Amino acid sequence: MERKGIIAAGNMLVDHVHQIRQWPERGWLVEIVHSERATGGAPLNVLLTLAKMHAGLPLQAVGLIGEDNDGDYITAMLDQYHINRQLVQRTSSAPTSMTQVMTDAEGQRTFFHSPGANRLLDLPAFEPLDAPLKIFHLGYLLLLESLDRPDEVYGTRSARLLAQMRERGYEVSLDLVSRKGDPRYRPLVLPALKHLDYLTINELEASEFSGLEIRLPNGEPHVANIARAASALLDAGVRQRVVIHCPEGAWGVSRTEAGRWVPSWRLPPEEIIGSVGAGDAFCAGLLYGSHERWPLTASLQLAHACARASLQAANAIDGAKTLPELQAFIQLQNG
Numbered sequence: 001m002e003r004k005g006i007i008a009a010g011n012m013l014v015d016h017v018h019q020i021r022q023w024p025e026r027g028w029l030v031e032i033v034h035s036e037r038a039t040g041g042a043p044l045n046v047l048l049t050l051a052k053m054h055a056g057l058p059l060q061a062v063g064l065i066g067e068d069n070d071g072d073y074i075t076a077m078l079d080q081y082h083i084n085r086q087l088v089q090r091t092s093s094a095p096t097s098m099t100q101v102m103t104d105a106e107g108q109r110t111f112f113h114s115p116g117a118n119r120l121l122d123l124p125a126f127e128p129l130d131a132p133l134k135i136f137h138l139g140y141l142l143l144l145e146s147l148d149r150p151d152e153v154y155g156t157r158s159a160r161l162l163a164q165m166r167e168r169g170y171e172v173s174l175d176l177v178s179r180k181g182d183p184r185y186r187p188l189v190l191p192a193l194k195h196l197d198y199l200t201i202n203e204l205e206a207s208e209f210s211g212l213e214i215r216l217p218n219g220e221p222h223v224a225n226i227a228r229a230a231s232a233l234l235d236a237g238v239r240q241r242v243v244i245h246c247p248e249g250a251w252g253v254s255r256t257e258a259g260r261w262v263p264s265w266r267l268p269p270e271e272i273i274g275s276v277g278a279g280d281a282f283c284a285g286l287l288y289g290s291h292e293r294w295p296l297t298a299s300l301q302l303a304h305a306c307a308r309a310s311l312q313a314a315n316a317i318d319g320a321k322t323l324p325e326l327q328a329f330i331q332l333q334n335g
């Protein structure tokens, strides 16, 4: 039987998104002009983006949330979009993870994060997982305390999990979190690479991992170094595709296709409302293209279209569009 569908696991949280006119100087006050609540974290952002594409893929979530209002909100959202939440467990030992997101007038966001129940998500939560879906996506490494712990055999518990998912027949995908100066990037990421089919990261994470300058002195992407970083990750064990994305575009390379730079379709600054979910929206588009065995360029263009749509909403989900809408936009741009 051919496998079909995507599982996404890891950090489940609620984003409390606040619009501010500017970031205040230390010790000063700035008014919040608008606030709203939305689901956040890699699995929810990816799955809800895919669900709103109406592409007909079975979708399943795996995670740990608290016995609280934010947890109720997450389960209600999963139910609304018909996402299997059988393995979304609840605990009274910790609250649902949450992030206070401050978004300024230019769409740039700053995060204040409380890990909550995500700290407790560990290997036993995945033991019942046996659904005949195709791709298993985990995010975010470096924000899953129990899974980030060392493992004598695999290097880290997350690497053990990813190996187990491959043994169960899933294609395995991973996303990281952007944490500047975190010395754990290489120790936590390296053990995972040989168990991955897909790795999708942004230019900040690529710089932290590779030590390469990812931007030129004029601020433009250093495409040659981005390509070097992607090739190094592929050489370190990723089995199918490595993609490094930034606002200007994305570099993708695979075992079967040469590396290439695919530019994004930029929005005027005045049309950018928030970027809180743009990276996960990009990942959702790339996962769909990979699931459907689309060529690398087509997959990257869909990923860019998903990210562009996400930028036009304050939270991670409201900007998501259907697959026909995304394809019509891409066709228009390609002439």
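Mind the numbering: the sequence shown is residues 1 to 335 in full-length UniProt numbering, read in order.
Glycine residues also receive a C-beta, built at the ideal position from the N, C-alpha and C atoms.
Here the structure is a predicted model, which means the values were calculated and not measured.
Helix, strand or coil: which one does DSSP assign to residue i?
| i | result |
| --- | --- |
| Y140 | strand |
| residue 336 | In the structure displayed, the chain extends from 1 to 335; residue 336 sits before or after that span and is not available. |
| I330 | helix |
| G279 | helix |
| R308 | helix |
| M77 | helix |
| G5 | coil |
| residue 350 | Coverage of the chain is limited to positions 1 through 335, which leaves residue 350 absent and any answer about it impossible. |
| D122 | coil |
| D151 | strand |
| G319 | coil |
| G274 | coil |
Distance check for residue j and residue i, CA to CA, integer angstroms please.
| i | j | result |
| --- | --- | --- |
| L216 | H222 | 5 Å |
| N118 | A9 | 11 Å |
| A125 | G335 | 47 Å |
| L176 | A206 | 10 Å |
| I226 | E203 | 7 Å |
| H54 | Q327 | 13 Å |
| S93 | Q312 | 37 Å |
| I89 | Q333 | Here the sequence assigns Gln to residue 89, which means Ile is not the residue at that position. Distance between the alpha carbons of Q89 and Q333 is about 43 Å. |
Can you say whether residue i is buried or exposed, counting buried as having 16 or more other CB atoms within 10 angstroms of its CB?
| i | result |
| --- | --- |
| H34 | exposed |
| I272 | buried |
| L134 | Position check: residue 134 holds Lys in this sequence, whereas Leu was assumed. With 16 or more Cβ atoms within 10 Å of its Cβ, K134 is classed as buried. |
| E171 | buried |
| D235 | exposed |
| M165 | buried |
| W23 | exposed |
| K52 | buried |
| F136 | buried |
From the DSSP output, read off the bridge partner residues of residue i.
| i | result |
| --- | --- |
| Q301 | Paired residues: none, contrary to the question. |
| W261 | W251 |
| H245 | N202 and A250 |
| R109 | T103 |
With respect to 7 Å, is the separation between the Cβ of residue i and the closest non-hydrogen atom of the ligand FMN below this value?
| i | result |
| --- | --- |
| D104 | This structure lacks the ligand FMN; in fact it carries no ligand of any kind. |
(request) Run through the stretch 161 to 230 for me and flag every whole beta strand (DSSP E) of 3 or more residues, listed as ranges in chain order. (result) 171 to 176 and 198 to 202
(request) List in chain order: all unbroken alpha helix (DSSP H) runs of 4+ residues lying wholly within the stretch 13 to 71. (result) 42 to 52
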